Amino acid sequence: MRFKRVKGTRDILPGEALARRELEQMVYDKFSRAGFLPILTPTFEAYELYQRSTGQASDIVIKEMYRFADMGGRDLALRPEATPSVMRAVLENYLKIPIRLWYAMTMFRQDKPQKGRYREHTQIGAEIVGEAEPEADIELVKLGYDLFTEMGIKGMYLELNTIGCRECRPGYTEKLVEFLKEHQEGLCSDCKVRMKRNPLRVFDCKVKSCQAVLKNAPSQRVYLCQDCRNHFDQVKKGLEQFSIPFNENDRLVRGLDYYSRTVVEFKSTLLGAQDTLCGGGRYDYLAEELGGPSTPATGFAFGVERALLVSKGEEVFDFTKSPISLLLLPLGDEARGYSLQLLFKLREAGISVQVEFRPGRLSRKLKHADARNAERVLIVGEDEIAKARFILRDMKTGEQRQVTIEELLGIPELKEPPSLLTSGEDQIT
RNA sequence: GUGGGUGUGGCUCAAUUGGCAGAGCACUUGACUGUGGCUCAAGAUGUUGUGGGUUCAAGUCCCAUCACCCACCCCA
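Start counting the first sequence at 17; every next residue gets the next number (our numbering).
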């Protein structure tokens, strides 16, 4: 029985895995320097956590969660996103706020897979918990912007909006619903449902007739309270001050229920209709929703697979070409055991080295060595062991000479870290 | 949930109006018993996604089904 991977999941082969490590290292450095601490939360949580935070009006909760019962009858779900877990962890562990946290964790959503979208995917995110100031939003956006710039994200642009707070949003949604009701006949069936559940989401609709109706919809701008207006103005001012280009888009809402005030999306023109690379915003009420004290917070998260897709494109390291710095070629049974000892000795000295144990004549072994991209080989035969002098052959030039183990340890090139990464044409997909 | 596309050796793809399932790459072995890359020779690899139907005959035509890819919705 040959098995296949489950729909929407992927095997991340060495080439891509290496690229991801490189990315994670970069992110780690950047976040650490900005005072963000790493956090890891469980892969599954109580279903209710997401229901209460991500929201009953979100598509994620309505139809995309992996929900299951464990043997104790607990109602659980694989995490579809991390923010609720992070906030839950902050509250549950009474972490001292303010605190800056970041994570790189897998997420699970049961939607239909396509390019750059998988049922299991990795998100890297950052959260500032306990700071209500617009500067926290600015800091975060700047952090993301620098990160994506450094990654070489192509066609990147940024959309920004505010969706008000609990003071001013109700007044606005009332007006919006009023308007939508008047123009109900022009709306698609989905929007009619959204109108009742989460009216702001109608702005997400791509149906042309709906967009036509929405063209004349009241703008939230007009209804913002003074505090929200100030907050938004300051965020915008900050971004301008630090030369971060953005489009102000009063149609940008977000798919999740917990957002308030600032919402932001990083997009790439390379991604087509599902162009969102990174999403985030402020969620000042989430802590209270989860039974904690009033705790303002703001954060963002991006999909690693998607980010890699728009930074490196289809190009990824070709791991089949990753070289072997030194390969030992034992000849004969006795030489195999000897080579293993030698292998460990050389490794302890910091040399990157492997052994070809498979049987065969020297010519066959050399052929294998070549196929494995060995840069040098060391021939370990009975004669060499007896004389304690081995033949070191440069596979590129074909030059070879006799060396003792002491001489081998003194060759500086062998101590250089292995260069596993060779750029190639291997496919991400 | 909706729409489109593709399924043939490990990989990339051929196969005429329906007529013996093929090539290139990769792989194995040998020429070469301790010196690779080049060359030459030989070899292995398939339920043509699956099930049914039409036919003397189906990779090819028809029906069904599955898988994967792409797009929509939504999201990262």
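Idealized CB from N, CA, C, for every residue including glycine. This one's a predicted model, so the numbers in the text were calculated from it and none came from an experiment.
Residue i by DSSP, collapsed to three states: which one?
| i | result |
| --- | --- |
| Ala85 | strand |
| Val251 | helix |
| Tyr173 | strand |
| Asn246 | helix |
| Val145 | strand |
| Thr99 | helix |
| Glu281 | strand |
| Phe262 | coil |
| Glu223 | The amino acid occupying residue 223 in the given sequence is Val; Glu does not appear at that position. If DSSP states are grouped into helix, strand and coil, Val223 belongs with coil. |
| Glu456 | Because residue 456 is not part of the residues shown, which for the chain are 17 to 445, the question remains open. |
| Leu216 | helix |
| Arg405 | coil |
| Gln9 | Past the edges of the chain, shown from 17 to 445, lies residue 9, and the structure says nothing about it. |
| Gln67 | helix |
| Ile78 | helix |
| Asp399 | helix |
| Glu136 | strand |
| Pro312 | coil |
| Ala233 | coil |
| Arg104 | helix |
| Ile444 | Because the pLDDT at Ile444 is just 33, under 50, the model does not fix this residue reliably, and the point stays unresolved. |
| Leu430 | helix |
| Thr413 | coil |
| Leu287 | helix |
| Phe335 | helix |
Drop a sphere of 10 angstroms on the beta-carbon of residue i, count the other beta-carbons inside from all chains shown, and report buried for 16 or more, exposed for fewer.
| i | result |
| --- | --- |
| Ser259 | exposed |
| Asn263 | exposed |
| Asp27 | exposed |
| Arg374 | exposed |
| Leu272 | buried |
| Arg363 | exposed |
| Asn177 | buried |
| Glu441 | With a pLDDT of 36 at Glu441, under the threshold of 50, the predicted position of this residue should be treated as unreliable, though the coordinate-derived value follows. Classification of Glu441: exposed, given that the 10 Å Cβ count is below 16. |
| Ile427 | exposed |
| Lys253 | exposed |
| Thr445 | Low per-residue confidence applies at Thr445: pLDDT is 30, beneath 50, and the placement is therefore not dependable enough to give any value. |
| Lys20 | exposed |
| Ser379 | exposed |
| Ile78 | exposed |
| Met42 | exposed |
| Gly89 | exposed |
| Tyr110 | exposed |
| Thr385 | Checking the sequence, you will find Ala at residue 385 rather than Thr. Counting Cβ neighbours within 10 Å, Ala385 comes out buried, since at least 16 surround it. |
| Arg95 | buried |
| Arg377 | exposed |
| Val22 | exposed |
Give the C-beta separation of residue i and residue j to the nearest angstrom, bearing in mind that I take them to be a contact with Cβ-Cβ under 8 Å.
| i | j | result |
| --- | --- | --- |
| Lys283 | Glu429 | About 46 Å; that fails the 8 Å criterion. |
| Val223 | Met211 | Val223 to Met211, Cβ: 13 Å. No contact. |
| Lys328 | Ala33 | Contact flag wrong, Cβ pair sits at about 13 Å. |
| Ala317 | Val145 | At roughly 14 Å, the Cβ-Cβ gap does not stay under 8 Å, so Ala317 and Val145 are not in contact. |
| Phe52 | Arg116 | 4 Å |
| Ser69 | Glu321 | About 24 Å; that fails the 8 Å criterion. |
| Glu398 | Glu350 | 7 Å |
| Gln139 | Ala98 | 6 Å |
| Pro345 | Ile395 | Per the sequence shown, the amino acid found at residue 345 is Leu instead of Pro. Their Cβ separation, rounded to whole angstroms, is 5 Å, which keeps Leu345 and Ile395 in contact under 8 Å. |
| Arg298 | Arg277 | 5 Å |
| Glu391 | Lys381 | Wrong, their Cβ atoms sit about 15 Å apart, outside the cutoff. |
I'd like the span of the beta strand (DSSP E) that includes residue i, first residue to last.
| i | result |
| --- | --- |
| Ile395 | 392-396 |
| Cys207 | Taken as a continuous stretch (DSSP letters only), Cys207 belongs to no beta strand (DSSP E), being part of the alpha helix (DSSP H) at 205-213. |
| Gly160 | Not the beta strand (DSSP E): Gly160 falls in the alpha helix (DSSP H), residues 150-167. |
| Leu94 | 91-94 |
| Tyr60 | According to the sequence displayed, residue 60 carries Phe and not Tyr. It spans 60-62 - the beta strand (DSSP E) in which Phe60 sits, taken as one unbroken run. |
| Phe124 | 115-124 |
| Arg298 | 292-298 |
| Leu344 | 342-346 |
List the endpoints of the continuous alpha helix (DSSP H) containing residue i.
| i | result |
| --- | --- |
| Ala188 | Contrary to the premise, residue 188 reads as Tyr rather than Ala in this sequence. Taken as a continuous stretch (DSSP letters only), the alpha helix (DSSP H) holding Tyr188 covers 185-198. |
| Glu422 | 421-425 |
| Pro30 | 30-49 |
| Ala303 | 302-305 |
| Asp386 | 378-387 |
| Leu324 | 320-327 |
| Ala351 | 349-364 |
Hey, would you say the C-beta of residue i is under 6 Å away from at least one heavy atom of the ligand FMN?
| i | result |
| --- | --- |
| Met123 | With respect to the ligand FMN, the structure offers nothing, as it holds no ligand at all. |
Check whether the stretch 174-185 touches the stretch 353-367, counting contact only when three or more Cβ pairs, one atom from each stretch, lie closer than 8 Å. no
Does the stretch 155-165 come close enough to the stretch 331-350 that 3 or more CB-CB pairs lie under 8 Å? Contact annotation: the stretch 331-350 does not touch the stretch 155-165, with fewer than three C-beta pairs closer than 8 Å.
Within 8 Å, do at least three Cβ pairs link the stretch 141-156 to the stretch 225-240? no
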